[in-house]
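*Asks:*
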Amino acid sequence: MVGLAVTQLYKFENFPDVIATLGLPGGQTWAPTIAALLVVGEVLALPFLLRMTLSPAMRIVSMVSGWVVIAGWLVVSIWTNLAVGQVANSGILGATVPVPSGWGVTCILFGLALLAAWSAWGLWPCRTRTVKQ
């Protein structure tokens, strides 16, 4: 997730153009908003994934943000594969590193979704700890 956020922020001024080429509903009009929401969600997910000391409420917000971002990228990837076809840059690494769209990107995102679920399972923010006596 850190890699996604850093590469997308590196050339963020070109990232909305990459999102616009994916053929999402809203086209060029909503591309800057979608790009900003994806990057903000990724940055918001980092405190939970990096195990920073946070309040329980912020840990929940950060964890859910990671789930929403991964789900959003999966939806975008599946949409691109089914509705648009082959695109020169899937946007997963922003405008910095062009990664062609395809089912391979979808599989990688599915793997990231599994890792996000696994990290949420292991780092659940509201777990009550029992003390053995």
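Residue numbers (the working numbering): 162 to 294. Using N, Cα and C, we set each Cβ at its ideal position, and we do this for glycine too.
Just tell me which of Gly184, Val245 and Val201 has its CA closest to the CA of Val229.
*Replies:* Here the question's residue 229 lines up with position 68 in the sequence shown. Looking at the Cα atoms, Val201 is the closest of the given residues.
*Asks:* For Thr257 and Pro217, I'd like the C-alpha separation in whole angstroms.
*Replies:* To locate residue 257, count along the sequence shown from 1; it is residue 96. To locate residue 217, count along the sequence shown from 1; it is residue 56. Distance between the alpha carbons of Thr257 and Pro217: 35 angstroms.
*Asks:* Would you check if the segment 238-254 and the segment 176-185 touch, i.e. whether three or more CB-CB distances between them fall below 8 angstroms?
*Replies:* yes
*Asks:* Where does the unbroken alpha helix (DSSP H) through Glu174 begin, and where does it stop?
*Replies:* As a first step, residue 174 is located in the sequence shown; it is residue number 13 there, counting from the start. Counting along the chain, Glu174 falls outside any alpha helix (DSSP H), and DSSP gives it neither H nor E.
*Asks:* Any idea if Val306 is buried or exposed, counting beta-carbon neighbours within 10 angstroms, 16 or more meaning buried?
*Replies:* Lying before the first or after the last residue shown, residue 306 is absent from the chain, which here runs from 162 to 294.
*Asks:* Whole-angstrom Cβ separation of Pro177 and Ala166, contact assumed at under 8 angstroms?
*Replies:* Here the question's residue 177 lines up with position 16 in the sequence shown. Here the question's residue 166 lines up with position 5 in the sequence shown. Contact doesn't hold; Cβ gap of about 16 angstroms is too wide.
*Asks:* If you draw a straight line from the alpha carbon of Leu210 to that of Leu235, how long is it in whole angstroms?
*Replies:* For this step, residue 210 is matched to residue 49 along the sequence shown. For this step, residue 235 is matched to residue 74 along the sequence shown. The straight-line gap from Cα to Cα measures roughly 19 angstroms.
*Asks:* What three-state label does DSSP hand Ile253 in the structure shown?
*Replies:* By 1-based counting over the sequence shown, the position of residue 253 is 92. Residue state, collapsed to three classes: coil.
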